[in-house]
Each structure stands twice: as structure tokens, then as C-alpha cells.
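For the sequence shown, position 1 (counting from the first letter as 1) is numbered 15 according to this note's numbering, and the numbering increases by one without interruption.
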Amino acid sequence: MPREFTRAERVSDAVQQELAVLIRDEVRDPRVGMVSVTDVDVSRDLAYAKIHVTFVGDRDQQEIDQAVRALNGAAGYLRKLLAASIKLRVTPKLTFIYDESGRRGQHLSALIDYAMSTQDADKKSDTEVAGSKGH
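Shown next as C-alpha cells:
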């Protein structure tokens with residue numbers, strides 16, 4: 015039987031899609047730059063939404079914090095635009111937070127690459143040692 019989506023999940027999806035466009039087209043703050051809206055968590059009563067974002071390009075923690083502050087500063091404006099584009103009885107209050115999952119994923123990928131390269135180097139040296147014993 016197909017899974018039924020709750021109203022909060024449908025609203026989350028709609029808010030995520032619309033905010034991605036609104037941030038790209040309407041937010042002019044240079045601190046923000048290119049943003050990816052990775053997830054939206056809407057409360058059951060649809061009054062609040064946590065917007066998970068990541069930023070394109072390498073940024074240090076200070077630049078990330080400034081960009082998130084800029085987005086939270088524009089949250090009221092974005093909420094007004096969102097209310098005009100998505101017809102809801104209550105438009106959720108927006109709170110932007112940085113999504114660490116991308117950064118953690120890159121770190122884990124680098125650790126795996128390192129482990130694989132050291133394992134390959136160990137195998138190569140074992141093969142060379144075994145080959146030299148045969149002569």
C-alpha cells in the first residue's frame with residue numbers, strides 16, 4: 015500500500031522548492047552567495063519551519079555563520095514572499111540553519127580515500143617483499 019504523506023511533509027516539500035527559487039532570485043546580500051536548500055522541517059501545526067542550507071564553494075566557519083545570519087535577517091521578507099506564492103492559512107516562521115551533513119560527508123570520503131590508499135600501499139610493499147624473496 016502506498017505511503018500517505020502528512021500535510022506537514024507536503025508543506026515541507028513545497029516550502030523547500032519555493033524557497034530555493036526565492037533565495038536565488040530575491041536575496042541580494044553578498045554574504046549569502048549560492049545556497050542549496052537541503053531540507054525543510056515544518057512543525058506539525060505548520061507554524062515553524064527549520065530550513066537546512068548549504069553553500070556552494072569553500073567557506074570557513076565565520077563566512078558560514080555570516081551567511082546564515084544574513085538569511086535569518088531576510089527570513090521575514092522571505093516569509094512574506096512565500097505567503098504570496100504558496101497559499102497557506104498560516105505561513106511558517108522561517109529559521110535557517112547550516113546543514114553539516116555535506117561537510118561530514120566530504121570528511122568521511124577523505125578518510126575512506128586515505129584508508130584505501132594506505133591499504134593499497136601496504137599490499138604493494140607486501141608484494142614487493144614476497145617477490146624479492148623468490149629471487
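All C-beta atoms in this analysis are idealised placements derived from N, C-alpha and C, irrespective of residue type, glycine included.
Among H66, A84, R93 and K137, which residue has its Cα nearest to the Cα of I111?
Here residue 111 refers to the residue found at position 97 when the sequence shown is read from its first residue. With distances taken between Cα atoms, I111 lies closest to H66.
Let me check understanding here. Comparing Cα to Cα, which of I37, R21, A28 and E32 lies closest to A88?
In the sequence shown, counting from the first residue as 1, residue 88 sits at position 74. For A88, the nearest C-alpha among the options comes from I37.
Only counting the same chain, and skipping five residues up and downstream in sequence, which positions put a Cβ closer than 6 Å to that of R93?
In the sequence shown, counting from the first residue as 1, residue 93 sits at position 79. The answer, listed in chain order, is T105 and L108.
Does the distance from the C-beta atom of R45 to that of A81 stay below 8 Å?
Within the sequence shown, numbered from 1, the residue matching residue 45 stands at position 31. Within the sequence shown, numbered from 1, the residue matching residue 81 stands at position 67. Yes, the Cβ-Cβ distance between R45 and A81 is below 8 Å.
Should A61 go down as buried or exposed, given a rule of 16 or more other Cβ atoms within 10 Å for buried?
Stepping through the sequence shown from its first residue, residue 61 is reached at position 47. Result: exposed.
Compare the beta carbon distance of F69 and V49 with 8 Å and say whether it is the shorter of the two.
The residue given as residue 69 occupies position 55 in the sequence shown. The residue given as residue 49 occupies position 35 in the sequence shown. Yes, they are a contact pair.
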